[in-house]
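Chemist: Before I ask anything, here is the structure I am working with.
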Amino acid sequence: MRGVLFGAMLLLTGGVLAQQTDVASRPPMGWNSYNCWGSAVHEDEVKANAEHMAHRLRGGWQYIVVDFLWAYDNPPGSLIGNPFQQRLQDGAYIPWLTMDEWGRLQPNTNKFPSAFGGKGFNPLGEYVHSLGLKFGIHVMRGIPRQAVWAHSPVLGANGVTADQIADTSSTCPWMNHMYGLDMRKPGAQAYLNSLLNLYAQWGVDFIKVDDIARPYSAAEVEGYQNAIRQCGRSVVLSISPGETPLKDSVHVVQYANMWRMADDFWDSWKEMLKMFDYAKSWEGVGGPGHWPDCDMIQIGKISKRGPVGPERYSRLSEDELVTHMTFWCIYRSPLMLGGNLPDDRELEQRLFSNEEVLQVNQEGADPRQLYKQDGGMVWVSRAPDGGKYAALFNISDVEKEVGVEFRQLGWKKAVKVRDLWMQKDIGVYKKEFKRKIPAHGAVLLKIVSF
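Here you go:
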């Protein structure tokens, strides 16, 4: 029913969605710095991950995203406790964020030396592009409190200053560097336009806007998308953190390319089980230009410099890692790698470079849950050649047989079955396919009628 309702909605808003569909026709695939470097990633580390992606990963990986507080200096000791609740000195936040005269944040040159001299992220963006990849950044919703304190002028809004467009009652509960924007005020849209025009100059292809999906800030979501449309560059709009409210699903489909369904996902089987439920609640909503987002992929070396727990390889077992990657692919979630790629072992390389598995994410259509019962779960989607993709999950704590009946897929005759993780044809079956799967494990199939 949800898919039918969204089909009707898409017909009504086709013109609004056309530009988004051109930007993210398939789920974006890339790497994000947050899970391994927290707020403290440096330029050389970003480059190392970009080089690894360009030279060692196969299957369509594209985006390199600098996450969280790139304008912040991370002084000694800031990684202990909460580094984001700084004290006031004469009304200004300490340490100062790097900011231009128009109240627009700039990369801190201690972290990003190529930004020296007002170059911003342009040199790093050019380097990422030189590898054949795309460049992205994370931003916090709104306008820096520092700009409000300084009465910074708004570029493109004659006589308007930051304090006149800020909504000082709208603040982030877990970081105090920003105020929200009152989009009703003259100059608020001009400020967002100036940001996106700057990002376009930097060669930004992707922005992740934080503190905007929960609670859902509809006016600001529209403001960012409107700013993108006027900047002259194709830019993916990702919003976080979840849980994005289902009641705002029609709006978010119109204005965002991807949105978080849940809060931050980490390397925990308990969180994996909860993600299945989040995904089911958004079933039928995703499609070209608008994708429900399961959050970053917790595979590989994470938390090297924060933000959660000690430096480690993912705590998920190998079977759970296969389930993790399988579900993100069958569901068609955006695929954003969270581990430090140069630390990848053969295991991570195998999970990230299976082109048949990645094809399920990039080319499948209409993923849906076929059933979930007795510790087994099956999700299916349509392959472009008329076949079906089927993901079989054992979500119980013991080995279990999980299967799919072909009549449930609309077939009453024999089919060919291929195991996509094994990249191997495994035979012809008449009525059903079953396999014993280890606890917390998964199998990913392509099924073709003949």
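Under this note's numbering, the sequence shown is numbered contiguously, ending at residue 1527. Even glycine gets a Cβ: it sits at the ideal position worked out from N, Cα and C. Note that this is a predicted model, so its numbers are computed, not measured.
Measure the C-alpha to C-alpha separation of L1435 and R1218 and round it to an integer number of angstroms.
Modeler: Spanning the two alpha carbons is a distance of roughly 32 angstroms.
Chemist: For the region 1441 to 1514, list the alpha helix (DSSP H) runs that are entirely contained and at least 4 residues long, ordered along the chain.
Modeler: Correct list: empty.
Chemist: Locate the alpha helix (DSSP H) running through P1263, then write down its first and last residues.
Modeler: Counting along the chain, P1263 falls outside any alpha helix (DSSP H), and DSSP gives it neither H nor E.
Chemist: Indicate the three-state DSSP secondary structure (helix, strand or coil) for I1242 in the structure shown.
Modeler: The answer is helix: DSSP assigns I1242 an H, G or I state.
Chemist: Is there contact between the region 1318 to 1338 and the region 1359 to 1369, where contact requires at least three CB pairs shorter than 8 angstroms?
Modeler: As far as the Cβ criterion goes, the region 1318 to 1338 touches the region 1359 to 1369, which means the pair count is three or higher.
Chemist: Can you list, in chain order, the residues of its chain whose CB lies under 7 angstroms from that of R1135, leaving out five sequence neighbours each side?
Modeler: These residues qualify, in order along the chain: S1430, E1432.
Chemist: Run the CB neighbour count on K1513, radius 10 Å, all protein chains shown included, and call it buried at 16 or more, exposed below.
Modeler: When all chains shown are included, K1513 counts as exposed.
Chemist: What three-state label does DSSP hand N1109 in the structure shown?
Modeler: Reduced to three states, the DSSP call for N1109 is strand.
Chemist: Hey, L1447 and Q1485: beta-carbon distance below 9 angstroms or not?
Modeler: Yes; because the gap between Cβ atoms is below 9 angstroms, this pair is in contact.
Chemist: The ligand ADP and H1119: does the residue's C-beta get closer than 8 angstroms to at least one heavy atom of that ligand?
Modeler: Looking at this structure, you won't find the ligand ADP or any other ligand, since it has none at all.
Chemist: Measure the C-alpha to C-alpha separation of Y1408 and S1526 and round it to an integer number of angstroms.
Modeler: Cα to Cα, Y1408 sits roughly 22 angstroms from S1526.
Chemist: Assign L1389 to one of two classes, buried (16 or more other C-beta atoms within 10 Å of its C-beta) or exposed (fewer than that).
Modeler: The question names Leu, but residue 1389 in the sequence shown is Arg. Flag for R1389 reads exposed.
Chemist: Who does S1526 pair with in a DSSP beta bridge?
Modeler: In DSSP, S1526 forms a bridge with V1492.
Chemist: Helix or strand or just coil, what does DSSP make of L1269?
Modeler: If DSSP states are grouped into helix, strand and coil, L1269 belongs with the helices.
Chemist: So, are the CB atoms of G1518 and E1397 less than 9 angstroms apart?
Modeler: Cβ atoms of G1518 and E1397: closer than 9 angstroms.
Chemist: Here's the rule I'm using: 16 or more other beta-carbon atoms within 10 Å means buried, otherwise exposed. How should T1400 be labelled?
Modeler: Label assigned to T1400: buried.
Chemist: Would you report the Cα separation of D1290 and I1316, rounded to the nearest angstrom?
Modeler: Rather than Asp, the amino acid found at residue 1290 in this sequence is Ala. Answer to the nearest angstrom: the Cα atoms are 6 angstroms apart.
Chemist: Note down, in chain order, each residue of its chain lying with its Cβ closer than 8 angstroms to the Cβ of D1443, except the 5 sequence neighbours on either side.
Modeler: Closer than 8 angstroms at Cβ, skipping near neighbours: G1080, G1361, S1458, R1459.
Chemist: Quick one: residues in its chain with C-beta nearer than 6 angstroms to the C-beta of G1115, no 5 flanking neighbours on either side, listed in chain order?
Modeler: So the list reads R1382, G1383, P1384, once near-sequence residues are dropped.
Chemist: If we ignore side chains and look at the alpha-carbon of each, how far apart do V1237 and V1231 end up?
Modeler: When rounded, the distance between both Cα atoms is 6 angstroms.
Chemist: So, helix, strand or coil for Y1149, using DSSP?
Modeler: Here Y1149 sits in coil by DSSP.
Chemist: With DSSP as the reference, please indicate the residues paired to Y1390 in a beta bridge.
Modeler: DSSP, once it has assigned bridges, lists K1378 as partnering Y1390.
Chemist: May I ask you to report which of helix, strand or coil DSSP gives I1141?
Modeler: Strand, per DSSP.
Chemist: Looking only at DSSP bridge pairs, what is D1372 linked to?
Modeler: Partner(s): none; D1372 has no beta bridge.
Chemist: In or out: L1210 buried (at least 16 other Cβ within 10 Å) or exposed?
Modeler: Its Cβ being crowded by 16 or more others within 10 Å, L1210 is buried.
Chemist: Output needed for K1124: all residues of its chain with C-beta closer than 7 angstroms, excluding positions within five of it in sequence on either side, in chain order.
Modeler: If we look at K1124 and ignore the five residues flanking it on each side, its Cβ neighbours are Y1204.
Chemist: For M1499, does the count of other Cβ atoms within 10 angstroms reach 16, so buried, or fall short, so exposed?
Modeler: When all chains shown are included, M1499 counts as exposed.
Chemist: What does DSSP give as the partner residues of K1211 in its beta bridges?
Modeler: DSSP output for K1211 lists Y1140 as bridge partner(s).
Chemist: Since V1313 is in the beta strand (DSSP E), which residue starts that stretch and which ends it?
Modeler: Element bounds for V1313: 1313 to 1316.
Chemist: My output table needs one value for H1228: the three-state DSSP class, helix, strand or coil.
Modeler: H1228: coil per DSSP, three-state reduction.
Chemist: Residues in the same chain with beta-carbon distance under 8 angstroms from M1335, minus the five sequence neighbours each way, listed in chain order, please.
Modeler: The residues are A1101, P1104, P1105, V1313, L1314, S1315, I1316, H1367, W1368, P1369, D1370, P1411.
Chemist: Would you identify the three-state DSSP class for H1119, choosing helix, strand or coil?
Modeler: Reduced to three states, the DSSP call for H1119 is coil.
Chemist: Per DSSP, what kind of secondary structure is F1283 in: helix, strand or coil?
Modeler: Of the three classes helix, strand and coil, the one that applies to F1283 here is strand, per DSSP.
Chemist: Between which two residues does the beta strand (DSSP E) containing W1405 stretch?
Modeler: No beta strand (DSSP E) holds W1405; the alpha helix (DSSP H) holding it covers 1395 to 1408.
Chemist: Which residues in the same chain have their Cβ closer than 6 angstroms to the Cβ of C1406, if we skip the five residues on either side of it in sequence?
Modeler: For C1406, where only same-chain residues beyond five positions count, the Cβ hits under 6 angstroms are V1434, V1437, N1438.
Chemist: So, for T1403: in the same chain, excluding its five sequence neighbours on each side, which residues have a beta-carbon less than 6 angstroms away from its beta-carbon?
Modeler: For T1403, where only same-chain residues beyond five positions count, the Cβ hits under 6 angstroms are A1468, A1519, L1521.
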